[in-house]
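K.L.:
Residue numbers (our numbering), protein chains in the order written: chain A, 1131 to 1404; chain B, 1131 to 1404. Structure in structure tokens, see below.
2 protein chains.
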Amino acid sequence: MRVAVQGEPGCFSHAAALGHFGVLTLVPCRDFVSLFEAVLDGRADRGCVPVENALAGAVTENLDLLVRSPVTAVGEAYVRVEMCLAVRPGTRLEDVTAVGSHPVAFRQCRRFFDAHPEVEEVVAYDTAGSIRDLMMDPDVAWNGAIGPALAADLYGAETLERGLEDHPRNFTRFLVVARASEARRSARSPKASLAFTLPHRPGALHDALGVFADAGLDLTRLESRPIPGRPWEYRFFADVRGASGEGWERTLHALHARSDDVRVIGRYPEAPAP
Amino acid sequence: MRVAVQGEPGCFSHAAALGHFGVLTLVPCRDFVSLFEAVLDGRADRGCVPVENALAGAVTENLDLLVRSPVTAVGEAYVRVEMCLAVRPGTRLEDVTAVGSHPVAFRQCRRFFDAHPEVEEVVAYDTAGSIRDLMMDPDVAWNGAIGPALAADLYGAETLERGLEDHPRNFTRFLVVARASEARRSARSPKASLAFTLPHRPGALHDALGVFADAGLDLTRLESRPIPGRPWEYRFFADVRGASGEGWERTLHALHARSDDVRVIGRYPEAPAP
């Protein structure tokens, strides 16, 4: 299975894909648009797309890409965003003078830097890449790097400390996507992701959510996104549990009666949320 | 009236504040946290806080700050995000070789750069600041700058072209905030912004939105944000119309019965949406 992810080998998306597939061939992509392209043009069989982080919220660019692209979600995956301090083997904590990582990782590890004010933060474009550069580039500007344990393992770095992040309950949720033509509806697909627009009238959203409630579907998430060119109108992204059988077909039918644009992003087996 | 905004004089927030207040003393702040601090410590009487853009969606950092900070929304304002090409007076379009602006502005003006492939894009940290630097820094790396017409007017630049943005229906909505202790509930405050958490059970959101629907309130916007430390639970941000009188009090009462955390961000006169 060739799986496209945004990022370098060892990144959190890679870890999520490994957790989901076990064995895979990684197709690293420089940005999310390239990830979708890799799936659509057949360079990858699947894409592992982050859609939501438990601290930062929705990955809005990917919600928009999911609606625009002829892909279908065939699975979901979670990864714990655990930040590790990686060094060249033999380096001690007191020897670390400069740490490379992505700015978001620095923001998530304030306690570590408050406890080590002498350690310089050097901005890199990627967490896993900062660990790779530490191990493969002799001229790199840091002698420690913060990123995923998977990257430390891959590049042969030593992990000095784990759990550097301030909020240990930090997870990212991914959708696993395939080309839409590969959609296979299994009877055992109790979770669904879909997007729909609504007319701008009082009670429209309440009415639409009533469709799910009446069918006994559990709405696990609702996001709204603007519709370009239609200011103050929104596209809603919903994840629901229990999307199987005849009840699901009835739900879609009722939703179509209330929205002129319903897009089922995919139905897939539910992964246990961490 | 001293009004805090994030950005340089002439920025879109400044334009929004001028549209709302007419006359004001600007308190420029380097980031949103500083803007809230300026209001809370009394350096500013009001803050003009972008909460939503018609193309990009919610300004999530500000939603989180609105919930955390003891401020109250006392008004709303809209501004059209119109990008102008500013030059030093006398410069002709065919003389422009390099244009400075914020990366977001470059992304919003693809048609212009496609039509002028010879023009270099030089990244600046701010749109208004790129126009100020054009006029005040003789060593600046650009001889054109893309930003608000207000900045061109303020710094004495000449506006060569207007409406450079690909999507002309681009607007940003702001909340005008004051210290919470200044809250004055006027009977003529038909719009309200509020945030609430919900227990994780099927139908909880549908039930909560029913409170608004039953009261005849028009939900104009709903956003969800993660709650740090409680993965896959959400805080919902709602804007509603018709939030006045006894009906509003009943609505809040019914919402409190369904949520253990309701925060009224403010009630304010509605501004006409562009």
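Ideal Cβ placement from N, Cα and C applies to all residues, glycine included.
1) Using a C-beta to C-beta distance shorter than 7 Å, which residues of chain A count as neighbours of Ala1345 (chain B)?
2) In the DSSP assignment, find the unbroken beta strand (DSSP E) run with Glu1288 (chain A) in it and report its ends.
3) Which one of B:Pro1233, B:Val1226, B:Asp1348, B:Thr1257 has the shortest CA to CA distance from Ser1374 (chain B)?
4) State the DSSP-derived secondary structure class of Ala1384 (chain B), mapped to helix, strand or coil.
5) Between Arg1299 (chain B) and chain A, is any beta-carbon pair separated by less than 8 Å?
6) Beta-carbon within less than 7 Å of Pro1356 (chain B)'s beta-carbon, same chain only, minus the 5 sequence neighbours each way: which residues are those?
7) What residue range is occupied by the uninterrupted alpha helix (DSSP H) comprising Gly1340 (chain A)?
8) Relative to the alpha-carbon of Pro1399 (chain B), which residue among B:Thr1327, B:Ser1323, B:Leu1170, B:Asp1337 has its alpha-carbon at the smallest distance?
9) Which residues of chain B have a Cβ atom closer than 7 Å to the Cβ of Asp1470 (chain A), listed in chain order?
10) Please classify Pro1278 (chain B): does DSSP put it in a helix, a strand, or coil?
11) Apart from the five residues just before and just after Gly1230 (chain B), which ones in its own chain have a Cβ nearer than 6 Å to its Cβ?
12) Provide the residue span of the beta strand (DSSP E) that contains Pro1158 (chain A), from first to last.
13) DSSP three-state label for Trp1263 (chain A), please.
14) Please name the residues in the segment 1352–1365 of chain B whose beta-carbon is closer than 8 Å to at least one beta-carbon of chain A, in chain order.
15) Whose CA, out of B:Asn1183, B:Glu1312, B:Trp1362, B:Ala1334, lies closest to the CA of Val1181 (chain A)?
16) Between Ala1433 (chain A) and chain B, is any beta-carbon pair separated by less than 8 Å?
17) Among the residues of its own chain, which have a CB less than 6 Å from the CB of Asn1300 (chain B), if the five just before and after it don't count?
18) Using 8 Å for Cβ pairs, my map puts Val1341 (chain B) next to Ala1384 (chain B). What's the rounded Cβ distance?
19) Using a beta-carbon distance below 8 Å, is Thr1381 (chain A) in contact with chain B?
20) For Glu1379 (chain B), count the other beta carbons within 10 Å of its own beta carbon; 16 or more makes it buried, fewer makes it exposed. Which is it?
21) Tell me the DSSP secondary structure of Arg1237 (chain B) in three-state form.
22) Kindly list the residues whose CB is nearer than 7 Å to the CB of Leu1284 (chain B), restricted to its own chain and excluding five residues on each side of it in sequence; keep chain order.
23) How is Val1374 (chain A) classed by DSSP in three states: helix, strand or coil?
24) Between the C-alpha atoms of Asp1390 (chain A) and Thr1202 (chain B), what's the straight-line distance to the nearest angstrom?
P.N.:
A quick look at the data gives this:
1) Within the second sequence, numbered from 1, the residue matching residue 1345 (chain B) stands at position 215. Those within 7 Å of Ala1345 (chain B) in chain A number zero; the least Cβ separation is about 10 Å.
2) Translated into the one-based positions of the first sequence, residue 1288 (chain A) becomes position 158. That run of the beta strand (DSSP E) goes 1288–1291.
3) Counting from 1 along the second sequence, the entry for residue 1374 (chain B) is found at position 244. Ranking the options by Cα distance to Ser1374 (chain B), first place goes to B:Asp1348.
4) By 1-based counting over the second sequence, the position of residue 1384 (chain B) is 254. Judged by DSSP in its simplified three-state form, Ala1384 (chain B) adopts helix.
5) Within the second sequence, residue 1299 (chain B) is the residue found at index 169, counting from 1. Interface flag for Arg1299 (chain B) against chain A is set, since a Cβ pair is found closer than 8 Å.
6) Indexing the second sequence from 1 puts residue 1356 (chain B) at position 226. Answer for Pro1356 (chain B): Tyr1364, listed in chain order.
7) For the purposes of this step, residue 1340 (chain A) is identified with residue 210 of the first sequence, where counting begins at 1. Per DSSP, the unbroken alpha helix (DSSP H) holding Gly1340 (chain A) starts and ends at 1334–1344.
8) Stepping through the second sequence from its first residue, residue 1399 (chain B) is reached at position 269. Among B:Thr1327, B:Ser1323, B:Leu1170, B:Asp1337, the Cα nearest to that of Pro1399 (chain B) belongs to B:Ser1323.
9) Chain A is shown only over 1131 to 1404; residue 1470 (chain A) falls outside these bounds and no answer can be derived.
10) Counting from one through the second sequence, the residue named residue 1278 (chain B) turns up at place 148. Coil.
11) Position 100 of the second sequence, counted from the start, is the residue given in the question as residue 1230 (chain B). Cβ-Cβ distances below 6 Å link Gly1230 (chain B) to Val1252, Ala1254, Ser1260, Trp1272, Ala1275 in the same chain, with the five nearest sequence neighbours on each side left out; the list follows chain order.
12) To locate residue 1158 (chain A), count along the first sequence from 1; it is residue 28. Pro1158 (chain A) -> beta strand (DSSP E) spans 1155–1159.
13) Working through the first sequence from its first residue, we reach residue 1263 (chain A) at position 133. Note on residue identity: the sequence assigns Asp, not Trp, to residue 1263 (chain A). Reduced to three states, the DSSP call for Asp1263 (chain A) is helix.
14) So the close ones are Leu1352, Glu1353, Ser1354, Arg1355, Pro1356, Pro1358, Gly1359, Arg1360, Pro1361, Trp1362, Tyr1364.
15) Counting from one through the first sequence, the residue named residue 1181 (chain A) turns up at place 51. Nearest option by C-alpha distance: B:Trp1362.
16) Because chain A spans 1131 through 1404 in this model, residue 1433 (chain A) falls outside it and cannot be assessed.
17) As a first step, residue 1300 (chain B) must be located in the second sequence, where it is residue number 170. When the five nearest sequence neighbours on each side are left out, the beta carbons in the same chain lying within less than 6 Å of the beta carbon of Asn1300 (chain B) are those of Ala1184, Leu1185, Val1211, in order along the chain.
18) Indexing the second sequence from 1 puts residue 1341 (chain B) at position 211. Indexing the second sequence from 1 puts residue 1384 (chain B) at position 254. Yes, Val1341 (chain B) and Ala1384 (chain B) are in contact; Cβ-Cβ is about 4 Å, under 8 Å.
19) Numbered from its first residue, the first sequence carries residue 1381 (chain A) at position 251. False, the Cβ-Cβ gap to chain B never drops below 8 Å.
20) Here residue 1379 (chain B) refers to the residue found at position 249 when the second sequence is read from its first residue. Label assigned to Glu1379 (chain B): exposed.
21) In the second sequence, residue 1237 (chain B) corresponds to position 107, counting from 1. It is helical.
22) Position 154 of the second sequence holds residue 1284 (chain B). Excluding residues within five positions, the ones whose Cβ falls inside 7 Å are Pro1139, Gly1140.
23) One-based indexing of the first sequence puts residue 1374 (chain A) at position 244. Correcting the residue type first, residue 1374 (chain A) is Ser in the shown sequence and not Val. Ser1374 (chain A): coil per DSSP, three-state reduction.
24) The residue you call residue 1390 (chain A) lines up with position 260 of the first sequence. The residue you call residue 1202 (chain B) lines up with position 72 of the second sequence. Between Asp1390 (chain A) and Thr1202 (chain B), the C-alpha separation is close to 37 Å.
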